[in-house]
Amino acid sequence: MTVERAVREAVFVAPAERGDRERMRRAHAAAARQFQVAASGPEVWGWQGRTLGRRAGDCWLRIVSAEMDKAGGRLWEGTATADTHVPPSVPRPQLRGVLDWTSPDVAYRAELTEYVPVPPVTSGTPALDQDIALPDSWWAELKSALDALATVPTDRESVRQNWVDRNFRRFLGIDPVQIRETTTGHADLHWANLTRAPLIILDWENWGRLPVGYDLGLLHAYSLAAPATAARIRREFAYVLATDAGRTGELVALAQLLQACSRGVHPTLAPLIARRAQKLTHTPVPTL
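Here the working numbering runs 12 ahead of the position in the sequence shown, where the first position is 1.
Listed below in structure tokens is the structure:
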């Protein structure tokens with residue numbers, strides 16, 4: 013990660029190398045031909061340029077690429093497994109087709125999903141920089157969706173105890189906690205993955221088992237620069253966040269975000285995340 017990228021706080025950006033940008037564009041065009049759709053509209057790049065999406069008529073066409081030895085597995089298959097395992101009561105784009113292929117050094121997966129006309133709450137960043145007004149019905153829909161998702165059986169593991177054991181002292185300054193209560197969750201619940209009303213939850217590549225409170229702790233952390241919205245999350249989801257299990261899950265989310273902050277991501281949010289962690293642990297956060 014470059015210093016320039018950290019300063020911009022641009023989490024979702026095109027690859028820095030022109031060759032990688034053009035390679036992804038060629039792959040996207042090839043997938044569009046295979047699906048017999050016409051891609052149009054602006055490019056939407058994912059984390060570190062590893063994904064590229066564009067509207068294609070009444071669909072959304074996204075490709076993901078990885079080095080050959082890193083393709084496959086949980087993240088690669090997340091969208092497809094969510095389509096078959098997560099019930100329709102959890103609002104998300106429906107998958108219409110999947111296509112896999114390889115070049116000599118790179119593997120690709122293309123996913124064709126229904127186009128969601130409602131924009132996400134934020135674009136280009138997962139975090140709020142000001143409070144937002146969402147109707148009561150939106151919050152009720154989010155509660156219902158997360159409750160329904162929690163009931164889905166899966167052996168996908170999104171957050172592991174060994175990460176906690178290795179990193180809690182480094183990023184929170186406390187002994188590792190034991191994850192005793194888990195649930196099925198989204199694992200990347202932030203404002204660029206949530207649409208305004210009506211609610212649609214986007215980007216399902218990382219879903220799976222995680223600590224109770226992790227998803228909500230993550231969303232709350234991404235809201236810390238918008239205090240009224242953060243307070244709304246604490247109020248609406250006190251039945252989770254105010255429990256011992258919910259506090260554990262929130263600490264895991266905060267520790268993972270502090271790890272990202274130590275690499276230069278979210279420089280303006282970092283002190284707010286550190287302050288929240290210290291409030292929960294009563295322990296100063298180590299210097300990032």
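C-beta: ideal position from N, C-alpha, C; glycine also.
Assuming residue i and residue j make a contact with CB atoms under 8 Å, what is their CB distance in whole Å?
{"i": "leucine 140", "j": "tyrosine 234", "result": "7 Å"}
{"i": "valine 76", "j": "arginine 66", "result": "At roughly 14 Å, the Cβ-Cβ gap does not stay under 8 Å, so valine 76 and arginine 66 are not in contact."}
{"i": "tyrosine 226", "j": "valine 171", "result": "6 Å"}
How about residue i and residue j: are their beta carbons less than 7 Å apart?
{"i": "arginine 221", "j": "glutamate 262", "result": "no"}
{"i": "isoleucine 144", "j": "glutamine 173", "result": "no"}
{"i": "glycine 90", "j": "asparagine 205", "result": "no"}
{"i": "leucine 228", "j": "valine 264", "result": "no"}
{"i": "tryptophan 57", "j": "alanine 26", "result": "yes"}
{"i": "glycine 69", "j": "valine 49", "result": "yes"}
{"i": "tryptophan 72", "j": "tyrosine 127", "result": "yes"}
{"i": "alanine 267", "j": "leucine 184", "result": "yes"}
{"i": "isoleucine 186", "j": "threonine 295", "result": "yes"}
{"i": "arginine 104", "j": "isoleucine 213", "result": "yes"}
{"i": "proline 223", "j": "threonine 196", "result": "no"}
Let me know if residue i comes out buried or exposed under the rule of 16 or more other beta-carbons within 10 Å of its beta-carbon.
{"i": "histidine 278", "result": "buried"}
{"i": "alanine 122", "result": "buried"}
{"i": "serine 135", "result": "exposed"}
{"i": "aspartate 215", "result": "buried"}
{"i": "glycine 84", "result": "exposed"}
Rounded to whole angstroms, what's the CA-CA distance from residue i to residue j? Just pull it up for me.
{"i": "proline 138", "j": "proline 100", "result": "25 Å"}
{"i": "arginine 182", "j": "proline 298", "result": "7 Å"}
{"i": "alanine 289", "j": "alanine 282", "result": "11 Å"}
{"i": "proline 165", "j": "threonine 96", "result": "12 Å"}
{"i": "alanine 43", "j": "aspartate 159", "result": "35 Å"}
{"i": "methionine 36", "j": "methionine 80", "result": "15 Å"}
{"i": "arginine 287", "j": "threonine 163", "result": "33 Å"}
{"i": "leucine 284", "j": "aspartate 256", "result": "22 Å"}
Is there a Cβ of chain D sitting closer than 7 Å to that of residue i, yes or no?
{"i": "alanine 254", "result": "Reference to chain D is not applicable here, since this structure consists of a single protein chain."}
Name, in chain order, the residues that DSSP records as bridge partners for residue i.
{"i": "threonine 114", "result": "Ala119"}
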